[in-house]
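Asker: Here you go, one structure.
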Amino acid sequence: MRMSSYFLPTLKETPSEAQIVSHRLMLRAGMIRQTSAGIYAWLPLGWKVLQKVSQIVREEQDRAGAQELLMPTIQSADLWKQSGRYEAYGKEMLRITDRHDREMLFGPTNEEMITDIFKTFVKSYKDLPRNLYHIQWKFRDEVRPRFGVMRGREFLMKDNYSFDLDAEGARLSYRKMFLAYLRTFARMGIKAIPMRADTGPIGGDLSHEFIILADTGESQVFCDKAWLDMDVLADNPDANGDLKDFFAKYTGIYAATEEMHDAEKAPADLVTARGIEVGHIFYFGTKYSAPMGAVVTGPDGQPVTVEMGSYGIGVSRVVAALIEASHDDAGIIWPDQVAPFKVALINLKADDEACRSTCDGLYARLQEAGVDVIYDDRNERPGAKFADMDLIGIPWQLTIGPRGLKAGTVELKRRATGEKLELPLEEALAKVTA
RNA sequence: CGGAGUGUAGCUCAGCCUGGUAGAGCGCUGCUUUCGGGAGGCAGAGGCCGGAGGUUCGAAUCCUCUCACUCCGACCA
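All residue numbers for the first sequence refer to the numbering used here, where the first residue is 18 and numbers rise by one.
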């Protein structure tokens, strides 16, 4: 992408409404634009990151055997009356009526709808288990939206729902998602720690919140220091096995939110930190399948009410949480896996023939190599270019200027460490395409 | 939902108390001088002062209503 034609409205000054660093940086980096309280438009750069995050979520869901579909944002109130939640959900649910005065709502979650779809088509135990997910916009009419997309009213969420014949199967489905979630966040370059959670009004007896540690987190959390060295990608348990040992290992290490924290059970090596909830998984049995009649015929010919679980990742919130966990005074520091672009190609002197032709050539070669590159070909001053690239957090900055060209080198800077190397062009190219 | 605020240029804000031709910095456009971490100069564009009523010869400014947004708290499957 050439920066001269990219819609990237970066700001030098911080808009006054932004209180937390991720909100400030998302506004300054031209990622989002607020359109109403708690409602945001995602501009090209923000949308690109949101899609990268979504894609990792998607790949790990697929790997865990879940299947993607897409349910609508607008739902009929009838389904919610069946489950009893139409009244119970309260004012957080945005209720609307259509031209025929039919009661509708903008979905805050999809348990009712997925259960309805499931029960329509699945009639036999032979078709179990099933795990279905979608990545769709949700709306919860928060009393007081704040912190940008961290606590917005409209947000992008991955939610999925598992259906099993019995509790044993449901617990296996739960463990599979537990692994998928650990892998998902690990692949994004962040550490999300599962913490035993209160199941709350949704019911059920097994639930974990996935919490990212960040100084600016919204709640206090406690965990064993051992968590900091856990590496689920290195552990790589067999996703097709029963996952019992893996689950025991990872739930055996102390981690608790403030509500669940018990000082007496806490280990000596306790880390106290702030945390941001980015995912939440539940096993809730027949809470929805019973009232809504999600019943299959069992092996003995008798009806069985299916056992369900639901699993959510706040995809848009993850984007903000990543920034909370990874930034400095100059701006965002994207982990490589979710960065909107891998390489920033900076032409320091746009009207210099040698610089321009070298950059154009490099740009073409990077594109051919399949590297996601943003090319600053603008006729701006060097300082502005460096500042913009630091702000939007591109992992590698490849700087071409007249001084270096004369010496036969280019500058390669790593955003995360600030480390700068003067390298021959081919060497730098090899490094960023590796 | 309680409490406190704010709406003036794209952004950050001044002007309001004490009514009298709409302001600054940054950004934007052109020229110029520059050019390795958001330089300088000159010239310019850009506003129904959130909206509606009222008071007044005259309202960004005073009064009433209204809408939007922000912050603190409570809330947050």
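By construction, the Cβ of each residue, glycine as well, lies at the ideal position given by its N, Cα and C atoms.
How long is the line joining the alpha carbons of R398 and M20, rounded to whole angstroms?
Answerer: Within the first sequence, residue 398 is the residue found at index 381, counting from 1. Within the first sequence, residue 20 is the residue found at index 3, counting from 1. Answer to the nearest angstrom: the Cα atoms are 14 Å apart.
Asker: Taking 6 Å as the limit between beta carbons, can you name the residues of its chain near E294, skipping five residues before and five after?
Answerer: Taking the first sequence and counting its residues from 1, the one referred to as residue 294 is at position 277. These residues qualify, in order along the chain: E226 and I228.
Asker: On the DSSP bridge list, what partners appear for T274?
Answerer: Here the question's residue 274 lines up with position 257 in the first sequence. Paired residue(s): V238.
Asker: Which residues does DSSP pair with S71 in a beta bridge?
Answerer: The sequence position of residue 71 within the first sequence is 54, counting from 1. BP columns for S71 are empty, so no partner.
Asker: Let me know the secondary structure DSSP gives T314 once reduced to three states.
Answerer: Along the first sequence, one-based indexing puts residue 314 at 297. In the structure shown, T314 sits in a strand (DSSP, three-state: E or B).
Asker: Cα separation between Y271 and A283?
Answerer: Locating residue 271 in the first sequence gives position 254, where the first residue counts as 1. Locating residue 283 in the first sequence gives position 266, where the first residue counts as 1. Rounded to the nearest angstrom, the two C-alpha atoms are 7 Å apart.
Asker: Nearest to A404 by alpha carbon, out of R291, Y23, M18 and T27?
Answerer: Walking along the first sequence from the start, residue 404 turns up at place 387. Closest option to A404, Cα to Cα, is T27.
Asker: Would Q319 be called buried (16 or more neighbouring beta carbons within 10 Å of its own) or exposed?
Answerer: The sequence position of residue 319 within the first sequence is 302, counting from 1. Burial call: exposed.
Asker: Is N155 near P125, with beta carbons less than 7 Å apart?
Answerer: Locating residue 155 in the first sequence gives position 138, counting from the first residue. Locating residue 125 in the first sequence gives position 108, counting from the first residue. Reading off the sequence shown, one finds Lys at residue 155, where the question assumed Asn. Their beta carbons are under 7 Å apart, which means K155 touches P125 by this criterion.
Asker: Touching or not, the segment 324-343 and the segment 260-275, by the rule of three or more beta carbon pairs under 8 Å?
Answerer: As far as the Cβ criterion goes, the segment 324-343 does not touch the segment 260-275, which means the pair count is below three.
Asker: Please classify K143: is it buried, with 16 or more other beta-carbons within 10 angstroms of its beta-carbon, or exposed?
Answerer: Taking the first sequence and counting its residues from 1, one reaches residue 143 at position 126. Exposed, because fewer than 16 other Cβ atoms sit within 10 Å of the Cβ of K143.
Asker: According to DSSP, simplified to helix, strand and coil, what is H40?
Answerer: What you label residue 40 is simply residue 23 of the first sequence in a count that begins at 1. Here H40 sits in helix by DSSP.
Asker: Between the Cα of E185 and the Cα atoms of D353, L260, E235 and S306, which residue gives the shortest distance?
Answerer: Numbered from its first residue, the first sequence carries residue 185 at position 168. Among D353, L260, E235 and S306, the Cα nearest to that of E185 is on L260.
Asker: Using a Cβ-Cβ cut-off of 7 Å (strictly less than) and excluding sequence neighbours within five positions of G348, which residues of its own chain qualify?
Answerer: Reading the first sequence from its first residue, position 331 is the one you call residue 348. So the qualifying residues of the chain are L42, A46, D407, L408, I409 and G410.
Asker: Just to confirm before moving on: does the CB-CB distance between K430 and K437 stay below 7 Å?
Answerer: What you label residue 430 is simply residue 413 of the first sequence in a count that begins at 1. What you label residue 437 is simply residue 420 of the first sequence in a count that begins at 1. In this structure, K437 lies closer than 7 Å to K430 by Cβ.
Asker: Of the residues D215, A197, E77 and L87, which one's Cα is nearest the Cα of I152?
Answerer: Along the first sequence, one-based indexing puts residue 152 at 135. Out of D215, A197, E77 and L87, L87 has the C-alpha closest to the C-alpha of I152.
Asker: So, is F138 buried or exposed, given that buried needs 16 or more other C-beta atoms within 10 angstroms?
Answerer: Position 121 of the first sequence, counted from the start, is the residue given in the question as residue 138. With fewer than 16 other Cβ atoms within 10 Å, it is exposed.
Asker: From E428 to Q384, what distance separates their C-alpha atoms?
Answerer: Taking the first sequence and counting its residues from 1, one reaches residue 428 at position 411. Taking the first sequence and counting its residues from 1, one reaches residue 384 at position 367. Going by the C-alpha atoms only, they are around 19 Å apart.
Asker: Within the chosen definition, does the segment 171-182 reach the segment 190-210 through at least 3 CB pairs nearer than 8 Å?
Answerer: These segments touch.
Asker: Could you give the DSSP three-state label for R398: helix, strand or coil?
Answerer: Translated into the one-based positions of the first sequence, residue 398 becomes position 381. Residue state, collapsed to three classes: coil.
Asker: For the candidate residues Y150, M174 and D252, whose alpha-carbon lies nearest to that of Q196?
Answerer: Here the question's residue 196 lines up with position 179 in the first sequence. Looking at the sequence itself, residue 196 is Leu, so the reference to Gln does not match. The shortest Cα separation from L196 among Y150, M174 and D252 belongs to D252.
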